[in-house]
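Student: Here it is, the structure in full.
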Amino acid sequence: MGSTAGSSALWYLTRGTGTVTLVLLTISVALGVANVRRLQTETVPRFVFEAVHRRVAMLGLALLAVHIVTSLLDPFAPIRLIDAVVPLVSAYRPIWLGLGALAFDVLIAIVMTSVLRRRLGYRAWRVTHSLAYVCWPIALVHGLGTGSDAKTSWMLLLTAGCVAIVLVAVWMRAAASSRDQSGIRASVVLASLAAPLALVVWLANGPLAAGWAKRAGTPRSLLATASRSALSSASSGASATSECIDVRGKRVTPPLVYRPLRFQGAGVRHGEPVAARGWGR
Amino acid sequence: MNAGRDAIGLAIAIAGGAVAFRSRPVNKWDLTSGLERLMPSLVASSTQREQSPAMKNLSSASPSRLRPARAEAGLHSTRTRTREFGLELIQRINRWLVAGAVAAVGLFSLLAAHAFHGTFLTSGSSGSSAASQSRPAAQLARSRSSSGNSGLQPPAQAPSSAPAALAPVVSGGS
């Protein structure tokens with residue numbers, strides 16, 4: 380019972396830290412753009428923006444570490460340490476978890492080059508730092524592709540808010556760029572308009588559509604477990620005792636049957652395996 | 248014994264204070280502006296006293312030349328004040344940021360738990376009370392994977408026909 384509570388707590392903590400990390404990353408990107416634009420007010424000097432940008436990024440990194448550690452400790456999904464660092468090697472949703480690993484690697488590179496900025500030189504730092512514009516959407520897509528809460532309304536609203544903040548920041552940056560960079564400015568504006576549209580189309584056909592768990596690359600054994608649990612749950616009914624024949628031909632009582640309480644909130648659809656921690660999504 | 252310890256502590260405190268006092272950057276503009284605020288006449292007289300005759304002549308000849316220096320001093324003190332305010336603001340924001348992030352993690356974890364969580368039913372228990380007992384399915388999956396039963400396995404013995412006494416009874420029969 381204790382391990383169960385601990386496991387569930389780890390799972391909730393993973394989701395909570397992942398969400399807050401995305402928010403912090405969004406704030407950091409927006410403040411970075413504001414800092415580049417030499418933004419300051421009469422009362423708030425510019426170095427405050429710079430310091431807060433740095434501290435938000437460091438706090439996001441700390442929460443990201445907690446997110447990774449809780450994901451590794453959670454016994455539910457088979458995620459190894461190497462999966463958190465090396466993209467596309469995971470057995471569990473390799474592409475979408477791999478995007479998270481990639482975002483983590485890029486973020487580490489950004490932070491390290493920022494710490495060693497004086498030794499590296501401005502140009503190297505700037506080139507690496509501009510990867511933040513790549514890191515943020517990768518992290519966003521990772522959250523939507525792997526996260527269990529991608530179908531919930533609050534998560535969708537939060538994602539929309541994060542996208543809006545970064546879009547406004549990018550547009551402000553593009554508007555403040557010099558006239559000889561008009562080509563870059565136009566391409567940035569076009570990309571910033573096309574990217575949200577692509578995100579919406581992908582969301583509708585991907586994480587929000589039926590059978591995403593299977594298509595996302597959830598291991599078959601996990602899906603089969605969830606499916607078996609669903610079948611057992613359905614056959615057992617409200618009060619009946621379910622019994623089945625095990626592989627050795629003995630009549631046994633299945634020890635535990637997983638059944639989500641909130642079918643509506645969990646986004647579980649009829650005909651799919653019951654979502655065990657988001658597998659059936 | 249206690250007195251000796253207190254003395255050592257006092258000495259360390261004094262030494263620390265002295266180091267802190269020495270290491271504290273002294274801004275002459277701050278001192279000047281502070282003195283000016285406290286005793287404007289005294290400062291004015293002392294600056295006049297310290298001036299050499301040549302400087303006196305210069306200042307009497309062109310008093311406007313002193314204005315840029317004063318303006319610079321004022322600007323400097325404003326900058327210092329802004330910097331101190333900014334540093335305080337950063338500290339405050341930092342504190343609120345950490346507290347807010349921790350609170351947000353808790354809030355979103357609760358939201359996540361509320362939005363989508365599962366319960367594990369023990370068979371034989373009713374649906375309403377089933378939520379009280381739970382166990383992660385991962386343990387089941389892990390135990391299966393560790394024992395090597397990753398998929399379906401053939402039965403250990405062949406199925407045999409059921410005895411006649413245990414023939415299925417059709418309901419509704421007389």
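Chains as they are written, first to last, in our numbering: chain E, 380 to 660; chain G, 248 to 421.
In this text, a Cβ means the ideal position worked out from N, Cα and C, and glycines have one as well.
All of these numbers come straight from a predicted model, not from anything done at the bench.
1. Excluding five sequence neighbours on each side, which residues of the same chain lie with their C-beta closer than 8 Å to the C-beta of E/L418?
2. Give the DSSP-derived three-state secondary structure of E/V402 in the structure shown.
3. Starting from E/T398, find everything on chain G with Cβ-Cβ shorter than 7 Å and list it in chain order.
4. For the region 423-442 of chain E, enumerate the residues whose C-beta is nearer than 8 Å to any C-beta of chain G, in chain order.
5. When the Cα atoms are used, what is the spatial distance from E/P454 to G/R330?
6. Contact between the region 507-518 of chain E and the region 476-487 of chain E: three or more CB pairs below 8 Å?
7. Buried or exposed: G/V349, going by 16 or more other Cβ atoms within 10 Å of its Cβ?
8. Can you confirm whether E/W515, when its beta carbon is compared against all beta carbons of chain G, has any partner nearer than 8 Å?
9. Does any residue of chain E have a CB that is nearer than 8 Å to the CB of G/G321?
10. In terms of residue numbering, what span does the alpha helix (DSSP H) encompassing E/K593 cover?
11. With a cut-off of 8 Å, do at least 3 Cβ pairs link the region 486-506 of chain E to the region 535-548 of chain E?
12. Is the region 445-460 of chain E touching the region 589-596 of chain E in the sense that three or more CB pairs, one from each, lie closer than 8 Å?
13. So E/D528 contacts chain G; which residues on that side make the cut at Cβ distance below 9 Å?
14. Is G/S370 helix, strand or coil by DSSP?
15. Report the option in E/T400, E/I447, E/G590, E/V568 whose CA atom is closest to the CA atom of G/L344.
16. Report yes or no: is there a C-beta of chain G within less than 8 Å of the C-beta of E/T597?
17. Would you check if there are 3 or more beta carbon pairs closer than 8 Å linking the region 544-561 of chain E to the region 526-535 of chain E?
18. Going along chain E, which residues have a C-beta under 7 Å from G/T443?
Tutor: Looking at the atomic coordinates:
1. Position 39 of the first sequence, counted from the start, is the residue given in the question as residue 418 of chain E. Take E/L418, set aside five residues on each side of it, and the residues of its chain with a beta-carbon closer than 8 Å to its own are R425, F428, in chain order.
2. Numbered from its first residue, the first sequence carries residue 402 of chain E at position 23. Looking at E/V402 - three-state DSSP - the assignment turns out to be helix.
3. Here residue 398 of chain E refers to the residue found at position 19 of the first sequence. Within 7 Å Cβ-Cβ: F355.
4. Listed by position along the chain: V423, P424, F426, V427, A430, V431, R434, V435, L438, L442.
5. Your numbering for residue 454 of chain E matches position 75 in the first sequence. Your numbering for residue 330 of chain G matches position 83 in the second sequence. Cα to Cα, the separation comes out at about 49 Å.
6. Segments in contact, yes.
7. Within the second sequence, the letter at position 102 stands for residue 349 of chain G. Exposed, because fewer than 16 other Cβ atoms sit within 10 Å of the Cβ of G/V349.
8. What you label residue 515 of chain E is simply residue 136 of the first sequence in a count that begins at 1. Judged by the 8 Å Cβ criterion, E/W515 is not in contact with chain G.
9. Stepping through the second sequence from its first residue, residue 321 of chain G is reached at position 74. Cβ-Cβ to chain E under 8 Å: no for G/G321.
10. The residue you call residue 593 of chain E lines up with position 214 of the first sequence. Looking at the DSSP string, the run of the alpha helix (DSSP H) that includes E/K593 is 591-595.
11. Because the criterion of three Cβ pairs below 8 Å is not met, the region 486-506 of chain E and the region 535-548 of chain E do not touch.
12. Counting Cβ pairs under 8 Å, fewer than three are found: no touch.
13. Within the first sequence, the letter at position 149 stands for residue 528 of chain E. Those are F355, L358, A359, A362, F363, listed as they occur along chain G.
14. Working through the second sequence from its first residue, we reach residue 370 of chain G at position 123. Because the pLDDT of G/S370 is 39, which lies under 50, any placement of that residue in the model is unreliable, and the number read from its coordinates should be weighed accordingly. Look at G/S370 here: in three-state DSSP terms it is coil, with no helix or strand label.
15. Position 97 of the second sequence, counting from 1, holds the residue named residue 344 of chain G. From the listed residues E/T400, E/I447, E/G590, E/V568, the smallest Cα separation to G/L344 is found for E/T400.
16. Here residue 597 of chain E is taken as the residue at index 218 of the first sequence, counted from 1. Chain G contact via Cβ: absent.
17. Contact between the region 544-561 of chain E and the region 526-535 of chain E is absent: fewer than three C-beta pairs spanning the two stretches fall below 8 Å.
18. The displayed coordinates of chain G run from 248 to 421. Any statement about residue 443 of chain G would go beyond what the structure contains.
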